[in-house]
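Undergrad:
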Amino acid sequence: MKHSGYKKHSFVTLPVTALLISILVVGCSSSNDAAAPTATPTATPEEFEAVIPISLPVAQDKHITFANAEKSFEEIPQTAWLNVQDSINANPVVDIPTTIVVGPNTDTTIEQITSLLQMEYQLWNGFEQPPSFAGLVYNAQDEAWAEKEWPKLAAKLNLTDNPESEIPRLRAGCNFTSDVATECYGGMSVFFPNTLAGFAFYGVQSPYWSQNSLEVGPISQVTHEYTHIVQFAQWNGAELQPGENLKSESAHNGMPCWFSEGQANAIGIPIAAKDLNSYIQGRDNSVRRRINQDSGAKPALTDSTLSAKNITSFLYGQDASTCYNPATNGDWQLGYSVGYAATEVLVAIGGPQSTMALLAKTASGLTWSDAFQAVYGVSWEEGADILGKVLEAEYAAKPMDH
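Residue 70 in my numbering sits at position 41 of the sequence shown, with consecutive numbering throughout.
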């Protein structure tokens, strides 16, 4: 699955929580007297419970609430951005071993990337995070280099015995002509079967990751992809369900597509934005991105049908079992815009950590609806209805025209 946080002018060590272990205590006797055979006790697996470092349900006593969100819609972007900054600053630093490899012609720096990652590590303090994280960073000029570098990096970090199978993911964030990369713009977060380590391919859109030409949208790919990794990590320790091979598949089965990409933008972009003005510019380039009607399967929404009823129906009715194939579901693109706007409301109401608590609850076995009720104290039906009304007001004031 391609995770493209943004494309300009287009579509675009927290100690890991110990796995729950059932301890089998077997009694034995040193007596020589004959005794009736005793059945061997059977270990009973404990129920998995993902760790959540905040109190639930989140209090409805902050500046933006479900009760006032519709009439206060203009204040939601600023409130969401401030909530992200406040949460980062309130949390202790988290040390996660990090390896970043940057292509020789790619105009960015390791420090620029790791400084953003460190803020996100800090934001998710207390939630399950990967024991280590690595990224391979390359622009179009370095794409061929990246294909050669990737197997060496995979072997060094012991990520996979079959790195060649991941080359399509590496290439997914770039455009090609005659098999030569002409532009890169998207990233891909990856989980592997035999490790909890997180990894991402980062296709850099030049020159927008460079210090002199930095833009929030493109550089937020760094934090967008790491948000996906933390999404997946909420299932670390949970049993794979039938048909699942990876924790990323468990995560996708636990949340709708609009939230998968919406949360990655609603967290990734405000972390990358150093001030409110740059945040508003970066978020508008995604939230207000025109809906592509020529993507194959028709999306559920159009630029001119963003009514409360239609938006609520989209949010409430999306099926996680079918929505993750962008080739057959035209709604995929809406996660980066409408899904982002909806998740931004949740960040404004409950803070950024509330959005990850949603996934921790679903990883612990709750349905999406029950998890929403547990986190926000309102039913998912009511919440979706309110989100639809808020987004209708937002799009009426600032339509999709990017």
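In this text, a Cβ means the ideal position worked out from N, Cα and C, and glycines have one as well.
Curious, which full-length beta strand (DSSP E) runs of at least 3 residues does the segment 186–216 contain?
TA: Here the runs fully enclosed are 203–206, 209–213.
Undergrad: Alpha carbons only, please: which of T341, K185, S393 is nearest the one belonging to N265?
TA: Per the Cα distances, S393.
Undergrad: For T127, name the three-state secondary structure that DSSP assigns.
TA: Strand, per DSSP.
Undergrad: Quick one: Cα of V316 to Cα of I117, how far?
TA: Each residue's alpha carbon lies about 23 Å from the other.
Undergrad: Which stretch, first to last residue, makes up the beta strand (DSSP E) that contains V166?
TA: Unbroken beta strand (DSSP E) run through V166: 162–167.
Undergrad: Report the option in E421, A403, T396 whose CA atom is closest to the CA atom of A349.
TA: Checking every option, the nearest Cα to that of A349 belongs to T396.
Undergrad: Nearest to V130 by CA position, among Y405, A96, A175, is which residue?
TA: Comparing Cα-Cα distances from V130 to each of Y405, A96, A175, the minimum goes to A175.
Undergrad: Using the three-state DSSP reduction, which class does V87 fall into: helix, strand or coil?
TA: Three-state result, V87: coil.
Undergrad: Near V374, what residues of its chain come up, given a Cβ to Cβ distance below 7 Å and the 5 sequence neighbours on each side ignored?
TA: Result list for V374: A98, I105, L416, V419, in chain order.
Undergrad: Compute the Euclidean distance between the alpha carbons of M429 and L243, then round it to the nearest angstrom.
TA: So the alpha carbons of these two residues sit roughly 24 Å apart.
Undergrad: When burial is assigned at 16 or more other CB atoms within 10 Å of the CB, is A184 buried or exposed?
TA: Its Cβ having fewer than 16 others within 10 Å, A184 is exposed.
Undergrad: Judging by CA-CA distance, which residue of V376, I320, A425 is the nearest neighbour of L152?
TA: The shortest C-alpha separation from L152 is found at V376.
Undergrad: Determine the DSSP secondary structure at F156, reduced to helix, strand or coil.
TA: The answer is coil: DSSP assigns F156 none of H, G, I, E or B.
Undergrad: Let me check one thing: in DSSP terms, what residues is G232 bridge-paired to?
TA: The partner list for G232 (beta bridge, DSSP) reads Y167.
Undergrad: Under DSSP, the alpha helix (DSSP H) around K418 begins and ends at which residues?
TA: Element bounds for K418: 409–426.
Undergrad: Would DSSP call L48 helix, strand or coil?
TA: The pLDDT assigned to L48 is 28, lower than 50, so where the model puts this residue is not dependable, and the model offers no usable value.
Undergrad: Do you know how far the Cα of I296 is from the Cα of L388?
TA: Their Cα atoms are separated by approximately 14 Å.
Undergrad: Spell out the partners DSSP gives S218 in its beta bridges.
TA: Beta-bridge pairing links S218 to A229.
Undergrad: Enumerate in chain order the residues of its own chain whose CB-to-CB distance from K390 is below 7 Å, with the five nearest sequence positions on each side excluded.
TA: The answer, listed in chain order, is A400, A403, V404.
Undergrad: Alpha carbons only, please: which of G155, T137, D115 is nearest the one belonging to S84?
TA: Here the closest residue by C-alpha is G155.
Undergrad: Between which residues of its own chain and M385 is the CB-CB distance below 6 Å, once the five residues before and five after are set aside?
TA: Here the set comprises F156.
Undergrad: Can you give the Cα-Cα distance for S134 and G346, rounded to whole angstroms?
TA: For the sequence presented, residue 134 should be read as Asn rather than Ser. For N134 and G346, the distance between alpha carbons rounds to 45 Å.
Undergrad: Can you tell me the Cβ-Cβ gap for C213 and Q234, rounded? I've got them flagged as a contact below 8 Å.
TA: That belief holds up - the Cβ atoms of C213 and Q234 are roughly 6 Å apart, short of 8 Å.
Undergrad: Mark Q362 as exposed unless 16 or more other C-beta atoms lie within 10 angstroms of its C-beta, in which case mark it buried.
TA: Per the 10 Å Cβ criterion, buried.
Undergrad: Buried or exposed for Q382, going by 16 or more other Cβ atoms inside 10 Å?
TA: Q382 is buried by the Cβ-count criterion.
Undergrad: Can you name the start and end residues of the alpha helix (DSSP H) that Y255 belongs to?
TA: Run containing Y255: 250–262, per the alpha helix (DSSP H) assignment.
Undergrad: Give the C-beta separation of P126 and S161 to the nearest angstrom, bearing in mind that I take them to be a contact with Cβ-Cβ under 8 Å.
TA: The Cβ separation is near 4 Å, so the contact holds.
Undergrad: Which one of P247, F288, G359, L305 has the shortest CA to CA distance from L330?
TA: L330 has its Cα closest to that of G359, out of P247, F288, G359, L305.
Undergrad: Hey, could you find the ends of the alpha helix (DSSP H) A119 is sitting in?
TA: 105–119 is the extent of the alpha helix (DSSP H) around A119.
Undergrad: Between the segment 77–92 and the segment 272–281, can you find at least three pairs of beta-carbon atoms closer than 8 Å?
TA: No, the segment 272–281 does not touch the segment 77–92.
Undergrad: Of all the options Q158, N306, R198, which has the alpha carbon lying nearest to the alpha carbon of S218?
TA: Ranking the options by Cα distance to S218, first place goes to R198.
Undergrad: Please report how far the alpha carbon of S59 lies from the alpha carbon of L269, in whole angstroms.
TA: Note that S59 has pLDDT 34, beneath the 50 cutoff, so the model's placement of it is unreliable and the number below is only indicative. Between S59 and L269, the C-alpha separation is close to 41 Å.
Undergrad: Starting from the C-beta of E273, find all residues in its chain whose C-beta is less than 8 Å away, skip the five residues before and the five after it, and write them out in chain order.
TA: Same-chain partners within the cutoff: S279, N282.
Undergrad: Just how far apart, CA to CA, sit F102 and K338?
TA: When rounded, the distance between both Cα atoms is 17 Å.
Undergrad: Between the alpha carbons of I139 and P236, how many angstroms are there, rounded?
TA: Cα-Cα distance, rounded: 15 Å.
Undergrad: On the CB-based measure, 16 or more other CB atoms within 10 Å of its CB, does F221 come out buried or exposed?
TA: Looking at its Cβ environment, which holds 16 or more other Cβ atoms inside 10 Å, F221 is buried.
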